[in-house]
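The listed protein sequences derive, respectively, from chains A and B.
Just so we're aligned: 77 in numbering that gives the first Met the number 0 is position 78 of the first sequence, and the numbers increase by one with no gaps anywhere.
Just so we're aligned: 231 in numbering that gives the first Met the number 0 is position 232 of the second sequence, and the numbers increase by one with no gaps anywhere.
For each residue, glycine too, the CB sits at the ideal point set by N, CA and C.
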Amino acid sequence: MSDETRTAIRAFIVENFLFGDDSQPLAADLSLIDNDLIDSTGILELVGFLEERFAITITDADIVPANLDTIDRIAGFIARKQAA
Amino acid sequence: MASVRSFEAGDVDAVADLFQRLLRKSGQPANDDLKAYIHTLFLDGANRDAGLFSRVHVRTDGTVSGFLGVLPVEMQFEGRRLLAANCGTFACDDRDSDPFAGARLLRDVLSGPQDLSFSETSNDISTDMWRTMRAGVLASYSLEWLRILKPAAFALEAVAGKVSAARLLSPVAKLGDAILCRRGGKQTWSHYAPLAGKADAFAATPADNAEFAALGVELVAQFPLRPAWDQPTLEAMLKHAERKALHGERIQHIVRARSGKPVGLYLYYGNPGGIGRAVQVMAAPGQEAIVIDCLIRNAHERGLVAVRGRTQPQLLQAMIGKKCAFLHTSSTVVHARDPAILAALTHGQPFLNGLAGEGWTRLIGDRFG
C-alpha cells in the first residue's frame with residue numbers, strides 16, 4: 000500500500016467528513032466509527048469514492064469495519080483488491 | 000461476520016420488534032397481529048419469480064439488526080413492463096455504533112433485479128443515503144398539503160396529539176371557530192367557508208372497492224410511468240386499506256358530474272373533530288381542482304378540523320389558490336440504473352405516492368391487536 004493511497008483516502012475523509020478541517024492530525028489507525036467521523040451515508044460516500052478513485056468493485060460482504068474503519072485498513076483493503 | 004440476506008419467516012418476530020420500537024416508537028412488544036401482517040405483506044407479497052425480496056441485516060451472532068421492506072410493484076413505461084421495488088419500511092438498530100447495517104442494506108436492495116426503486120416515506124437520514132446512491136428526490140411529491148377547516152379546533156387537536164388533556168378545552172375552541180366562521184365571506188388560510196362554486200355541479204358518493212378500483216385503473220392510464228394496475232391488484236390493496244384505526248373512519252368516494260360521468264376519486268381517513276388524512280386523490284385531466292374541492296367540502300361537512308395529504312404535481316397545481324399550507328415531513332426518492340427510466344421518474348411526472356406508495360398498507364395508520 001502506497002503513501003499516495005493513504006494521502007488520497009485521508010484527503011477524502013478530511014474533505015467530506017471533517018468539512019476540510021485538517022487542523023488535527025488524522026492518525027492512520029484512528030477508528031472512524033468510534034470517533035463518530037462516519038455514519039451510514041458516509042460509508043456509502045466512502046465506498047463510492049473508493050470504487051471510482053481506485054477502480055475496484057466493492058461487494059456487499061466487503062463493507063465491514065475490518066476493511067473500512069481506519070485509513071490503514073482502507074489502504075490494506077484497496078491493496079488486496081487491486082492484487083486480486 | 001455480519002451479513003445481508005433475504006427476509007425469512009424466522010425473522011418475522013425480530014422485524015416486528017424493530018418496526019414497533021424504531022418506526023412506531025412504542026415501548027410495547029410487537030403483538031401477533033403485527034407479526035402476521037408483516038408476514039403477509041413482505042413474505043407472501045414477495046416476487047419470488049423475479050428474486051425480489053425484503054432484506055435483513057444479520058449481526059455476527061445471528062440476530063437481526065436491520066430491515067429494508069420491499070413491496071414489488073409492476074409498472075409500465077412507454078409500453079414496457081417494469082419491475083419496481085417499493086422500499087418504504089427501513090429500520091436499523093445500533094445506527095450509531097454500527098452504521099454499516101443501513102449502508103449495506105440500502106446498497107444491497109438498490110442493486111437488486113428491479114428496474115427502479117422508490118420510497119415515499121424517506122426521512123432525512125435515509126434521503127441522504129439514497130442521494131449518495133445517485134437517487135433523485137422528487138420535490139413536488141415530497142410535500143404534505145394541509146387545509147385548515149376550523150383553526151381553533153385544529154390548534155387544539157395538534158396540541159392534543161402530545162397532551163391529551165388539552166381536549167378539555169374543546170368547548171372554547173368550538174366557540175372560537177363559530178365566531179370566526181360566522182364572518183363568512185371568502186376562503187382564507189385560517190378557516191374554510193362552504194361557498195358556492197363549480198364543485199356544486201358534482202356529487203361525491205361512497206364507492207365500494209370494485210367501483211373504486213375500476214375507476215383507479217382508468218385514471219392512472221394518463222400517466223406515462225405508472226403502476227400496471229389491474230382490477231384484482233388494486234382491489235387487494237384497497238382491502239388492506241379498509242382499516243386505519245389511528246387515522247379514523249375511511250371515506251372512499253367517487254366524484255361524478257350531474258350526467259353521472261365520473262371525474263375523479265378520493266380516499267381519506269378521519270373522524271369528526273380530528274385531522275383527516277388523504278391517501279389518494281385522482282382526477283381526469285383538468286378536473287383535479289373539482290375533486291379536491293369535493294374532498295375538502297366533505298371533510299368540512301363531516302366536522303373534521305383539517306385535512307392533509309401528500310402532493311403529486313397535478314394536485315399541487317390545482318391546490319394553488321385553495322388556501323392550503325405545504326409542509327415537508329418525508330421525501331419521495333427514486334432510483335434507477337437506466338438513465339432513461341431515472342429521467343422519466345425525475346422529470347416525467349410518474350404516478351407515485353398513496354396507492355402507488357405505502358399509504359395503502361396497514362403499517363401506516365392502523366392499530367394492531
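For residue i: DSSP bridge partner residues
i, result
"A83/B", "V72/B and L115/B"
"C91/B", "G65/B"
"M281/B", "L264/B"
"D188/B", "Residue identity check: residue 188/B is Trp in the sequence provided, not Asp. In the DSSP output, where bridge partners are listed per residue, W188/B has none listed."
"N208/B", "DSSP, once it has assigned bridges, lists no residue as partnering N208/B."
"I147/B", "A305/B"
"I289/B", "Paired residues: none, contrary to the question."
"N352/B", "A355/B"
"H252/B", "P205/B and Y265/B"
"H56/B", "V3/B and G65/B"
"H334/B", "S116/B"
"A324/B", "L145/B"
"N46/B", "L51/B"
"P226/B", "M74/B"
"S121/B", "S330/B"
"R276/B", "Y268/B and R307/B"
"V13/A", "None, per the DSSP bridge assignment."
"V11/B", "Partner(s): none; V11/B has no beta bridge."
"T135/B", "A small fix is needed here, since residue 135/B is Gly in this sequence, not Thr. BP columns for G135/B point to V333/B."
Nearest-angstrom Cβ-Cβ length linking residue i and residue j, presumed shorter than 8 Å
i, j, result
"A212/B", "Q251/B", "Contact doesn't hold; Cβ gap of about 10 Å is too wide."
"L25/A", "R9/A", "6 Å"
"H38/B", "A8/B", "7 Å"
"V254/B", "G247/B", "The pair is not a contact, with the Cβ atoms about 20 Å apart (cut-off 8 Å)."
"T299/B", "L148/B", "The sequence given here places His at residue 299/B; Thr does not occur at that position. So it is a contact: roughly 5 Å between Cβ atoms."
"L70/B", "F325/B", "Not confirmed; about 27 Å, so no contact."
"W188/B", "K322/B", "5 Å"
"G101/B", "M128/B", "7 Å"
"I274/B", "R307/B", "6 Å"
"G364/B", "R301/B", "Their Cβ separation, rounded to whole angstroms, is 17 Å, which puts G364/B and R301/B out of contact at 8 Å."
"I77/A", "I55/A", "7 Å"
"F370/B", "S5/B", "What is shown of chain B runs 0 to 368, which leaves residue 370/B out entirely."
"L115/B", "L344/B", "6 Å"
Per-residue contacts from residue i into chain A (C-beta, under 7 Å)
i, result
"V3/B", "D59"
"F99/B", "I42, I62, V63 and P64"
"D107/B", "D59"
"A102/B", "S39, I42, L43 and I62"
"T131/B", "T40, L43, E44 and G47"
Listed by chain order, chain B residues near residue i by CB distance under 9 Å
i, result
"I12/A", "In chain order: nothing, as chain B lies at least about 14 Å away."
Partners in chain C for residue i, counting only beta-carbon separations shorter than 7 Å
i, result
"M0/B", "Within the model displayed, chain C is absent; protein chains A and B are what it includes."
Interface residues of chain A facing residue i [CB-CB closer than 8 Å]
i, result
"R94/B", "D38 and S39"
"D10/B", "Neighbours of D10/B on chain A: none; closest Cβ ~18 Å, over 8 Å."
Is it the case that the stretch 2-22 of chain B contacts the stretch 68-77 of chain A, given that we only count it when at least three CB pairs across the two stretches are under 8 Å?
no
Between the stretch 27-59 of chain A and chain B, which residues of the former have a C-beta closer than 8 Å to a C-beta of the latter?
I32, D35, I37, D38, S39, T40, G41, I42, L43, E44, V46, G47 and D59
For the stretch 230-243 of chain B against the stretch 88-99 of chain B, are there 3 or more C-beta pairs whose distance is under 8 Å?
no
Does the stretch 221-234 of chain B come close enough to the stretch 338-356 of chain B to have 3 or more Cβ pairs within less than 8 Å?
yes
Assess contact between the stretch 165-172 of chain B and the stretch 282-292 of chain B, defined as three or more Cβ pairs (one per stretch) separated by less than 8 Å. Is contact present?
As far as the Cβ criterion goes, the stretch 165-172 of chain B does not touch the stretch 282-292 of chain B, which means the pair count is below three.
Touch test, the stretch 109-116 of chain B against the stretch 308-316 of chain B, Cβ-Cβ under 8 Å, three pairs minimum
The answer is no - the stretch 308-316 of chain B does not touch the stretch 109-116 of chain B, with fewer than three Cβ pairs under 8 Å.
Interface residues of the stretch 112-128 of chain B facing chain A [CB-CB below 8 Å]
I124, D127 and M128
Count the CB pairs spanning the stretch 354-363 of chain B and the stretch 74-87 of chain B that are closer than 8 Å, and state whether there are at least three.
As far as the Cβ criterion goes, the stretch 354-363 of chain B touches the stretch 74-87 of chain B, which means the pair count is three or higher.
The stretch 334-345 of chain B contacting the stretch 122-142 of chain B, beta-carbon criterion three pairs below 8 Å:
yes
The stretch 19-30 of chain B in contact with the stretch 42-54 of chain B per 3-pair CB rule at 8 Å:
no
If contact is defined by three or more beta carbon pairs under 8 Å, each pair taking one atom from either stretch, is the stretch 257-274 of chain B in contact with the stretch 290-297 of chain B?
yes
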